[in-house]
Structures are given as structure tokens and as C-alpha cells.
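Novice: Residue numbers (our numbering): 4 to 450. Right, I'll just put the structure down here and ask away after.
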């Protein structure tokens, strides 16, 4: 435990000198202060794992210091040392949360003292690990906050993101337009060790070939007409961070071998430049096309495809995870109602049935746009089919309607409206409570 820092506070120089020489003291990193005020200054500038403090000190007392630490740094264990006649203050401090107290001289109970010190440090380490787990969980929750749904398909995406985020390898994200490929890329970045570095995204279909090359590689002054100054490209700017190459299938043929070299070496030259530059970036690529088909047709280089195809995350279209539609719809209804100060609170049953029956060719993006418009045009608390500009269930073919998804939706709706009271929910649905419980259990097992 040599890395564990223990702050010893005592105004008696002889005691501090004795403490340095105690058998076992050399196992720890010891810091010394001769007053509570000095100790507090140490605590403000250094990370300390344990405080051992005399109760009676000139100026701020040991118990005063304990109270201050308890208020502002409660995660640090506090052990009090008492002389004859000062144990009452120490006992009171223990009642308030101090870890333990010992009477001087320590040499009378040295084995117990060091055992208590190790126990306090173990508690401190456990709290550190717990805080790290909480921070990681918070970061994961934040990163996944845009992945709304409980379907097996979306859970598989979350699992894949968690698996690959900490490993700095190239990731290829496949999915139709509107499925949320950039959200997945950002989640990978936010859960990675690069999270405090820049994240950039460039859509390869939005630029002409020459402009795209300049965006990625940068250019030197005078490289072409209009290049009046040196410009750093995204490969250079994304050093230590993450760069999303969205719609990578649309990158021009002449640029693909240059992309391959950058991915393999991390080295590149600006347009019009002769100096080779290096950058440590992570590439995440995304496509709404099947790159294997693009390779077969000769529109995409096979070697570049294999370089990108290291770890693939497939985002399913919304029509393949319709059980997530109610959750997504309710989430964005509440968000837009707050933003636009509209009275909309929920959907009518027919409105939700319409949302569930529609195939959403534009995926989540289309659904969000429909909800936004519905909230804006809704004048009451209930969004009905009148506010939804999508095909009604009667306009869909029978194959578009999934009975299991419909049943799941109505069960969730009944539970919500009954305040999760299964007896009332069963009455609403017209089934027995036992049947409802069995169906809920089966759906939970499928997730």
C-alpha cells in the first residue's frame, strides 16, 4: 500500500518523528502537518487516502478538522488520536462518522492500529472503485441516451458499442438513412479513452471530390485557386480524437487509395504539400449501402473495404424493431411539448396503432419529424390520427401488421394507464390477471 497517502496531523514534533519510525510505517506514503489549518491546505492540493489526526490542536481542533472533512471530503476516512482526558471528543466524532480513534501511546496497540489503518484504506479503495463504476455507468447512460428502445435489436447495438468503444480500432456502421449512424459513432467516441478529445464528422456525399480531399487532408497556401492560406484537414484536427467518415461509399474512386494509406499508416500530406504529417485518430466509417455489393460492382476498392471491415455494427431499420416505436414516440412527444410549450401529453390508441403499423422508410428520423409536427399542431392533451401525416392501418397490407407487436403495445399501454396495477390492466385488456402476468413474463424474457 505504498501508493496510499496518509496525512498525519499533530502539533507535537516528537510524536510525528516517532510515527515515522513506527514498525510498518514504511509501507505507506506519509504526509505530515503540524496544524489543522496546514492539513486543510494539504487536502485542497493533494489527493489523500486517510487522515490520522490528534484531537487537541492549537487553533482549529482535530474534531473541527474532522467536521470540515466530513462536510466537504466525506469519502476520506478519518482516524483520531487522543491523549488522556480527550477521549469524549473522539467518541463523539466516531458517532458522527469518524472511522476509529486510538489513545496515545500507539505502541501499546500497534498491531490493532495498523490493522485498522488497512481496513480504512480498503474502505477508501472500495469507494474509489464504486465511484469509478458510477462514473462509467453515467457516461454509458449519457452515451446511450439517444438509443431509445428495449428491443433485442437495439440492445445488440448497445452491446456492440460497449465492446468496441475502449479498443481503438476502425469501426464500420451499416444502416439505412435515418437509423442513427452518427449517434452510434458519437457513443463509441464518448465511451472511449478519447472521449475528452475532438469528435468530427464529414459526409462524403456532401462535397465534390476536390473539396472533400481538402476537407480531409487539408491544403497548403497556393495549392489551388482560392487557397489563400494553409488549412488543416480533419485528419490533422482529429489527432487523439475520432473522425466519422459518413457515407463512405460515396467517396470518389481517385481518393480511395489515399484513404487506404492514411488508415494503414496514419500519415498523409496536405493537398499541394510535400511534408508528410502524422496524426493519431480513430476512424469510424458509416454507410447506407452494402459495401460488398459496391466492391462487386467495382465502385469501391476491395482493399479499402477490408481495412474498414474490422468491426461491423449493423443498425436495424425501425420496421424491424416496431416494439420500440411507443417508447421513441413518447420520448419525443415529451421533449417537443416542453420545447414548444404545447399541451400534448400522450397519443390516442388509434394514433399509436397508426404509428406502429407504418413501415417508416425514413426510419427514426422520419418518426421524429412526424412527432414534432404533431406536437406543434396539437391543441389538446391527446395526439390523434388527425395530427399524424402517415398512412393509417387500413391503408397497410395485412403483412405489415405484426400481431405480437400490437399485443405488446396494448399491454404496455394498459399497465401505464393503470399505474402498473396488473389487476386493473387485465380488466382494461379483457383478460385474466394470470394471463397478463404470463404474457408480461414472456415478453421480458425475449428482451
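Glycine included, each C-beta is placed from N, C-alpha and C at the ideal position.
Residue 57: buried (16+ other C-beta within 10 angstroms of its C-beta) or exposed?
Specialist: For the purposes of this step, residue 57 is identified with residue 54 of the chain shown, where counting begins at 1. Classification of residue 57: buried, given that the 10 Å Cβ count is 16 or more.
Novice: Quick check: the segment 234 to 242 against the segment 183 to 192, are at least 3 beta-carbon pairs closer than 8 angstroms?
Specialist: No, they do not touch.
Novice: Using the Cα positions of residue 20 and residue 279, report the straight-line distance between them to the nearest angstrom.
Specialist: The residue you call residue 20 lines up with position 17 of the chain shown. The residue you call residue 279 lines up with position 276 of the chain shown. Taking the straight line from one Cα to the other gives about 59 angstroms.
Novice: Need the endpoints of the beta strand (DSSP E) that residue 279 sits in, please.
Specialist: Taking the chain shown and counting its residues from 1, one reaches residue 279 at position 276. Segment 279 to 281, the beta strand (DSSP E) holding residue 279.
Novice: Can you grab the Cα-Cα spacing for the pair residue 169 / residue 309, in whole Å?
Specialist: In the chain shown, the residue the question calls residue 169 occupies position 166. In the chain shown, the residue the question calls residue 309 occupies position 306. Those two C-alpha atoms are separated by around 21 angstroms.
Novice: What residue from 70, 114, 86, 133 has the CA that sits closest to residue 102's CA?
Specialist: For the purposes of this step, residue 102 is identified with residue 99 of the chain shown, where counting begins at 1. The residue with the shortest Cα to Cα distance from residue 102 is 70.
Novice: Have a look at residue 193 and residue 75 and give me their C-alpha separation to the nearest angstrom.
Specialist: Position 190 of the chain shown, counting from 1, holds the residue named residue 193. Position 72 of the chain shown, counting from 1, holds the residue named residue 75. For residue 193 and residue 75, the distance between alpha carbons rounds to 29 angstroms.
Novice: Look up residue 385 in the DSSP assignment and give the residues it is bridged to.
Specialist: Taking the first residue of the chain shown as position 1, residue 385 is located at position 382. Answer is 349, bridged to residue 385.
Novice: As a quick exercise: from 45, 120, 380, 354, pick the residue whose alpha carbon is nearest that of residue 344.
Specialist: Taking the first residue of the chain shown as 1, we reach residue 344 at position 341. Measuring from the Cα of residue 344, the nearest candidate turns out to be 380.
Novice: Can you tell which of 126, 206, 212 has the C-alpha that lies nearest to the C-alpha of residue 250?
Specialist: Along the chain shown, read from residue 1 onward, the residue named residue 250 stands at position 247. Residue 250 has its Cα closest to that of 206, out of 126, 206, 212.
Novice: If we count Cβ pairs, one from each stretch, closer than 8 angstroms, do we get three or more for the segment 206 to 223 versus the segment 300 to 308?
Specialist: The answer is no - the segment 300 to 308 does not touch the segment 206 to 223, with fewer than three Cβ pairs under 8 angstroms.
Novice: Using a Cβ-Cβ cutoff of less than 7 angstroms, which residues in the same chain neighbour residue 22 once the five nearest sequence positions on both sides are dropped?
Specialist: One-based indexing of the chain shown puts residue 22 at position 19. Counting only Cβ-Cβ distances below 7 angstroms, and skipping sequence neighbours, we find 11, 28.
Novice: Closer than 7 angstroms by C-beta to residue 444: which residues in its own chain qualify, once you throw out the five before and the five after it? Chain order, please.
Specialist: Walking along the chain shown from the start, residue 444 turns up at place 441. So no residue of the chain qualifies.
Novice: Identify which residue in 286, 325, 131 has its Cα closest to the Cα of residue 410.
Specialist: Taking the chain shown and counting its residues from 1, one reaches residue 410 at position 407. Taking only the C-alpha atoms, the option nearest residue 410 is 325.
Novice: Does DSSP put residue 192 in a helix, a strand or coil?
Specialist: Position 189 of the chain shown, counting from 1, holds the residue named residue 192. Reduced to three states, the DSSP call for residue 192 is helix.
Novice: Using only alpha-carbon positions, find the residue among 419, 321, 330 that is nearest to residue 367.
Specialist: Indexing the chain shown from 1 puts residue 367 at position 364. The residue with the shortest Cα to Cα distance from residue 367 is 321.
Novice: Residue 182 lies in the beta strand (DSSP E); which residues open and close that run?
Specialist: Translated into positions along the chain shown, residue 182 becomes position 179. Careful: residue 182 lies outside any beta strand (DSSP E) and carries neither H nor E.
Novice: Would you mind listing the alpha helix (DSSP H) stretches within the segment 240 to 316 that are 4+ residues and don't spill past its ends, in chain order?
Specialist: Here the runs fully enclosed are 259 to 268, 294 to 299, 305 to 311.
Novice: Under 8 angstroms, do residue 431 and residue 420 count as touching if we go by C-beta distance?
Specialist: Taking the chain shown and counting its residues from 1, the one referred to as residue 431 is at position 428. Taking the chain shown and counting its residues from 1, the one referred to as residue 420 is at position 417. In contact: residue 431 and residue 420 (Cβ atoms closer than 8 angstroms).
Novice: Could you check if residue 390 is buried or exposed, using at least 16 other CB atoms within 10 Å of its CB as the buried criterion?
Specialist: Sequence index remark: in the chain shown, residue 390 carries index 387 (1-based). Residue 390 should be labelled buried.
Novice: Does the separation of the CB atoms of residue 92 and residue 66 fall below 8 angstroms?
Specialist: If you number the chain shown from 1, residue 92 lands on position 89. If you number the chain shown from 1, residue 66 lands on position 63. Going by C-beta atoms, residue 92 is nearer than 8 angstroms to residue 66.
Novice: Taking the straight line between their C-alpha atoms, what separation do you get for residue 81 and residue 73?
Specialist: In the chain shown, residue 81 corresponds to position 78, counting from 1. In the chain shown, residue 73 corresponds to position 70, counting from 1. Using only the alpha carbons, I get a separation of about 9 angstroms.
Novice: If we count the other Cβ atoms within 10 Å of its Cβ and call it buried at 16 or more, is residue 108 buried or exposed?
Specialist: For the purposes of this step, residue 108 is taken as residue 105 along the chain shown, with counting starting at 1. Answer is exposed; the Cβ neighbour count stays below 16.
Novice: Return helix, strand or coil for residue 69, following the three-state DSSP convention.
Specialist: Position 66 of the chain shown, counted from the first residue, corresponds to residue 69. Residue state, collapsed to three classes: helix.
Novice: Between which residues of its own chain and residue 398 is the CB-CB distance below 6 angstroms, once the five residues before and five after are set aside?
Specialist: Numbered from 1 along the chain shown, position 395 holds the residue referred to as residue 398. Any reading at residue 398 needs caution, since the residue's pLDDT is 46, under 50, leaving its predicted position unreliable; the model's value is listed next. Hits under 6 angstroms: none found.
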